[in-house]
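Same order as they appear, the protein sequences are chains W and R.
Whatever position you read off the first sequence (first residue = 1), add 16 for this note's numbering.
Whatever position you read off the second sequence (first residue = 1), add 70 for this note's numbering.
Here the structure comes first, spelled out in structure tokens, and everything after it is commentary.
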Amino acid sequence: MSEALPPGPPMQQALEGFLRALRANEVRVSPAEAIDAHRAAAAVGYEDREVLRDSLCVTLAKSADEVARFDACFDAFFARPAAPARRQVETRAAPAETPPEAPELANQLLSGDEAALQAAMEASAARVGASEIRLASQRSLMTRRLLDDMGLREVEALIQALRGSGAPRDEALAERLAQRRAELFQQGQAYVERQVQLFAAESGRRMREAILARQKLTDIDPEEMRAMENLVRRMAKRLATKYSRRRHRAHKGRLDVRRTLRKSMGYGGVPFDIVWKTETVDKPKIVVLCDVSRSVASAAQFLLLFLYSLNEVVERLDAYAFSDIAVSVNDLLNDETVDDAISLILDRVGFRPTDYGRSLAAFFEAQGAKLDRRTTVIVLGDGRSNYAEPRLDLMRSIAERVRSVIWLNPEPETYWNQGDSKALDYARFCTVAKPCNSLAELERIIEDVLRSYVTH
Amino acid sequence: MDDLIAGLAGVGYIASRRIATALYMALHLQKPILVEGVAGVGKTELALCSAALLGLPLIRMQCYEGLDESKALYEWKYGKQLLYTQILKDHMGRSLADAPDMETAMERLHGAGDLFFSEPFLEPRPLLTALRTEGGAVLLIDEIDKSDEAFEAFLLEVLSAFQASIPEIGVIRATTPPVVFLTSNNVRDLGDALKRRCLHLHIPLPDQALEERIVAARVPGVEDALRAKLVRFVQTLRTMDLRKLPSISETVDWARALLLLHARALDAELVRETLNVILKFEADIAAVEPRIGEILAGPE
């Protein structure tokens, strides 16, 4: 890189700002990559916008999604409204008219020097920290601060003074100044708006999602469903990439005689390659039983949503939905889109009075033979069985066969075994039984489950 | 940049600006390029053509599940070692015979042992070959996403410092860092550590104009009208809901097939007979077949 000259500080600062904007827009930029970006920019120079964009893009954006976000961010960041040229002509004679004591901003406004105005605006923006904006609601406050820093108050005072003087010449000047002031105001708003898009859009979204994740599953607005869906999908993906790896584990010091002898054939019977026994730790098999009955109706959608996302990422998942009877929903989860799958499942078995006994019987009938020590059973439900026979004996047989049974209950623990709830009775047979009423809890618990009860 | 585009075109690769920029940055920053994109979009071809353009030898390493460092970096030539010990047995016996005591004999043996684990007995595999090639090389690590995560971690040293450690010999450093291409079909997500060390290039499916130029460069004999028509047909297929969308390699194959058949125009009959060149699944062919006429007629 020795042949490339170091870029001037202003461009370097601009690049730093751009990197910050990228980070705010969920393009991850590590310090090492920031250095690469500077080197890349130094190698191609700043003259050709497209070349610069492509160079930065290949160094910084590391997936197709990030490329899209990078492009949007680049356009927004390096967009600067082209200065309209007509002002120069129209107001050529103006500077002579301004009173000598007029603030600098007034001169800039009247002379129509857009470049100077733009530069002043950016300098002020840096002083008031416009790029620190984090919430869209701070927009008008930030605009005001920006313009005050540029000296708008003084200009406003000057307009007042000119209007008060009574001379027609001053009146006209005041009019022109007021008009230019309004234009400046719009420019300031546009500038702040761009900062919001660059730096605040993401943090606002993140904040909303953080709130959503903590909200009770039972009180979520249908309107928030979309945002929720994304959130759920990301959670499921995160969990799956963490735990879906196939592991090989070596038995320490156990010789695989057969394979060692086989390999030694190539070397005239001398055992050069010694093969040790290894064991493949299989991916866990997970069976999920999801309650979609009337009592958990409000949470059912999310439980199914989670189930759907988990099914996309976990390879060996068997899913059952039940209210008065359990049915396998693997096919629906595999073949339908998320919305169709959820509504079809709810149509088929949803919103009916629960019968845990019958459901367990149906489940055991279908799946019982396949349950083994590698299986983890997860039950999502409230354990309210409408006073029907709970068939605890079946629960016991299930628990005896599998590695672990995990029961996640949308009701808080104090409600368990109140009324028709059999949650505590069932909990006896579970490896863990926990209340779980928000996505954040759901993720945490499923993560615990995957870590401690599935892979040993 | 324009020189690179022209140069790549000279060896038969029609590159977009972004592709050329990525190559330029790779040469200047000496970083590997991670090329992503659907199968058949020209990822491997880019490496082949870059090697041709730069006049460097291409060293190719195909990744697969279970690939480990003995297959990727180096291995000892066990056979040769064995053979040599057998041949040298007498000699060794003689030289050890006059040793006054056990310790001297051991000492002499130690010297011989190191002899057997030295460069002449080293079987270089693709990575080591790439590092040791004088004047540099183009190293293509194909389908990195098919390899294990352990292997990916092992690659980090090679890719960031262009060096490899062999316990018996020491660290081998590249005299000229190779130009490295990694390709990935997104079978699994690659680790962040690897991504961070690479430039990232995503090659999308091309638009009509670019694809026509690619076909023109690859299959020169096809007439303009036919070329435009067949490319438009493939472009329309890509908007459909198919299991495997045809990519550039399929278009090029199809153009070749049509050239072999001496086709002058694209009619429904011909398309039906050659559809298996561009569509690789029975279900896709079944879905497209009844609509051939409609697609050929175009949106008008």
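Every residue, glycine too, gets a C-beta built ideally from N, C-alpha and C.
Do you know offhand how far residue i's Cα is from residue j's?
i                 : j                 : result
ARG130 of chain R : ARG278 of chain W : 30 Å
GLY167 of chain W : SER153 of chain W : 23 Å
LEU99 of chain R  : VAL67 of chain W  : 15 Å
THR276 of chain W : GLN156 of chain R : 22 Å
ARG102 of chain W : GLN134 of chain W : Caution is warranted here: a pLDDT of 44 is assigned to ARG102 of chain W, below 50, making its placement in the model unreliable, and the coordinate value is therefore given only provisionally. About 16 Å.
GLU213 of chain R : THR114 of chain R : 9 Å
ALA226 of chain W : ASN256 of chain R : 29 Å
THR309 of chain R : ALA109 of chain R : 17 Å
MET158 of chain W : ARG69 of chain W  : 29 Å
GLY435 of chain W : SER339 of chain W : 18 Å
PRO316 of chain R : PRO274 of chain R : 13 Å
ALA50 of chain W  : ASN350 of chain W : 42 Å
GLY373 of chain W : ILE414 of chain W : 13 Å
PRO170 of chain R : PRO237 of chain R : 33 Å
LEU330 of chain R : ILE318 of chain R : 18 Å
ALA99 of chain W  : MET27 of chain W  : Reliability fails at ALA99 of chain W, whose pLDDT of 47 lies under 50, so the model's placement of it is uncertain and the value that follows must be treated cautiously. The straight-line gap from Cα to Cα measures roughly 20 Å.
ALA223 of chain R : GLU135 of chain R : 14 Å
GLY77 of chain R  : LEU123 of chain R : 6 Å
ASP323 of chain R : LEU300 of chain R : 11 Å
LEU247 of chain W : LYS150 of chain R : 59 Å
ASP277 of chain R : GLN305 of chain R : 8 Å
GLY163 of chain R : LYS216 of chain R : 49 Å
GLY140 of chain W : GLY204 of chain W : In the sequence on display, residue 140 of chain W carries Ser and not Gly. Spanning the two alpha carbons is a distance of roughly 11 Å.
SER46 of chain W  : ARG342 of chain R : 52 Å
LEU185 of chain R : GLY206 of chain R : 29 Å
ILE462 of chain W : TYR431 of chain W : 22 Å
GLN195 of chain W : VAL208 of chain W : 20 Å
GLN104 of chain W : GLU199 of chain W : At GLN104 of chain W, the pLDDT of 44 sits below 50, so the modelled position is not reliable; the number obtained from the coordinates is stated separately. Computed Cα separation, rounded: 16 Å.
ARG185 of chain W : MET71 of chain R  : 58 Å
GLY33 of chain W  : GLN176 of chain W : 38 Å
PRO360 of chain R : LEU366 of chain R : 12 Å
ALA131 of chain W : MET137 of chain W : 10 Å
ALA79 of chain R  : ALA96 of chain R  : 18 Å
Could you tell me whether the Cβ atoms of residue i and residue j are closer together than 7 Å?
i                 : j                 : result
ALA146 of chain W : LEU121 of chain W : no
VAL285 of chain R : ALA325 of chain R : yes
VAL4 of chain W   : ALA335 of chain W : In this structure chain W extends from 17 to 472, so residue 4 of chain W is not present and cannot be described.
SER309 of chain W : THR391 of chain W : no
ARG417 of chain W : LEU440 of chain W : no
LEU210 of chain R : ALA117 of chain R : yes
ILE84 of chain R  : ALA287 of chain R : yes
CYS73 of chain W  : ASN41 of chain W  : no
LYS265 of chain R : LYS78 of chain W  : yes
VAL208 of chain R : SER86 of chain R  : no
HIS272 of chain R : VAL43 of chain W  : no
ILE341 of chain W : SER375 of chain W : yes
ASP398 of chain W : PRO426 of chain W : yes
LEU321 of chain W : ASN327 of chain W : no
ALA57 of chain W  : LEU38 of chain W  : no
VAL171 of chain W : ARG155 of chain W : no
ALA48 of chain W  : LEU76 of chain W  : no
At a threshold of 6 Å, does residue i count as lining the ligand COA (C-beta to nearest heavy atom)?
i                : result
GLU49 of chain W : For the ligand COA, the structure offers nothing, since it holds no ligand at all.
Decide yes or no for the touch test of the region 280 to 294 of chain W against the region 309 to 326 of chain W: beta carbon pairs closer than 8 Å, at least 3 of them.
With fewer than three CB-CB distances shorter than 8 Å, the region 280 to 294 of chain W does not count as touching the region 309 to 326 of chain W.
Specify whether the region 240 to 256 of chain R and the region 104 to 113 of chain R touch according to this definition: at least 3 beta carbon pairs, one from each stretch, less than 8 Å apart.
When C-beta atoms of the region 240 to 256 of chain R are compared with those of the region 104 to 113 of chain R, three or more pairs fall below 8 Å, so the two segments count as touching.
So within the region 382 to 468 of chain W, which uninterrupted beta strand (DSSP E) runs reach at least 3 residues, ignoring any that extend past its ends?
Within the region 382 to 468 of chain W, the complete beta strand (DSSP E) runs of at least 3 residues are 391 to 396, 420 to 425, 448 to 451.
If we count Cβ pairs, one from each stretch, closer than 8 Å, do we get three or more for the region 233 to 246 of chain R versus the region 450 to 461 of chain W?
By the Cβ test, the region 233 to 246 of chain R is not in contact with the region 450 to 461 of chain W, since fewer than three Cβ pairs between them sit closer than 8 Å.
What are the residues of the region 73 to 97 of chain R that lie near chain W, defined by any Cβ-Cβ distance shorter than 7 Å?
Within the region 73 to 97 of chain R, the qualifying residues are ARG87, ARG88, THR91, ALA92, MET95.
Is it a yes or a no for the region 137 to 149 of chain R touching the region 351 to 361 of chain R, going by three-plus beta-carbon pairs under 8 Å?
Verdict: no, contact absent.
3 or more residues per run - each beta strand (DSSP E) lying fully within the region 146 to 200 of chain R:
Segments of the beta strand (DSSP E) lying fully in the region 146 to 200 of chain R: 192 to 194.
What are the residues of the region 113 to 138 of chain R that lie near chain W, defined by any Cβ-Cβ distance shorter than 8 Å?
Listed by position along the chain: nothing, the set is empty.
Can you pull out the residues from the region 246 to 270 of chain R whose beta carbon lies closer than 7 Å to at least one beta carbon of chain W?
Answer set for the region 246 to 270 of chain R: ASP259, LYS265, ARG266, LEU269, HIS270.
Using 8 Å as the threshold, is the region 341 to 349 of chain W in touch with the region 357 to 368 of chain W, meaning 3 or more CB pairs across them?
Cβ pair count under 8 Å is three or more, so yes.
Just to confirm the assignment: which complete beta strand (DSSP E) runs, minimum length 3, are found wholly within the region 78 to 149 of chain R?
Those beta strand (DSSP E) runs which fall completely within the region 78 to 149 of chain R and span 3+ residues are 103 to 106, 128 to 132, 144 to 146.
Residues in the region 143 to 163 of chain R having any Cβ partner in chain W nearer than 8 Å:
Answer set for the region 143 to 163 of chain R: TYR148, GLY149, LEU152.
Looking at chain R, which residues of the region 70 to 98 of chain W have a Cβ within less than 9 Å of any of its Cβ atoms?
Under the 9 Å Cβ criterion, the region 70 to 98 of chain W contributes ASP70, SER71, CYS73, VAL74, THR75, LEU76, ALA77, LYS78, SER79, ALA80, GLU82, VAL83.
Along the region 48 to 64 of chain W, what residues have a CB closer than 7 Å to any CB found in chain R?
The residues in question are ALA48, GLU49, ASP52, ARG55, ALA56, ALA59.
Three or more C-beta pairs closer than 8 Å, one from the region 224 to 233 of chain R and one from the region 197 to 208 of chain R: is that the case here?
Yes, the region 224 to 233 of chain R touches the region 197 to 208 of chain R.
In chain order, what residues of the region 308 to 340 of chain R put their CB closer than 9 Å to some CB of chain W?
Interface annotation for the region 308 to 340 of chain R against chain W: empty, criterion Cβ-Cβ distance under 9 Å.
Ignoring anything shorter than 3 residues or poking outside the region 314 to 342 of chain W, list the beta strand (DSSP E) runs there in chain order.
Counting only unbroken stretches of 3 or more residues, the beta strand (DSSP E) elements lying wholly within the region 314 to 342 of chain W are 333 to 338, in sequence order.
What are the start and end residues of each continuous alpha helix (DSSP H) run of 4 or more residues lying completely inside the region 125 to 199 of chain W, in chain order?
Here the runs fully enclosed are 130 to 144, 155 to 166, 168 to 181.
Select from the region 283 to 294 of chain W all residues with a C-beta closer than 9 Å to any C-beta belonging to chain R, and list them in chain order.
Look at the region 283 to 294 of chain W: the residues with a C-beta under 9 Å from a C-beta of chain R are TYR283, GLY284, VAL286, PHE288, ASP289.
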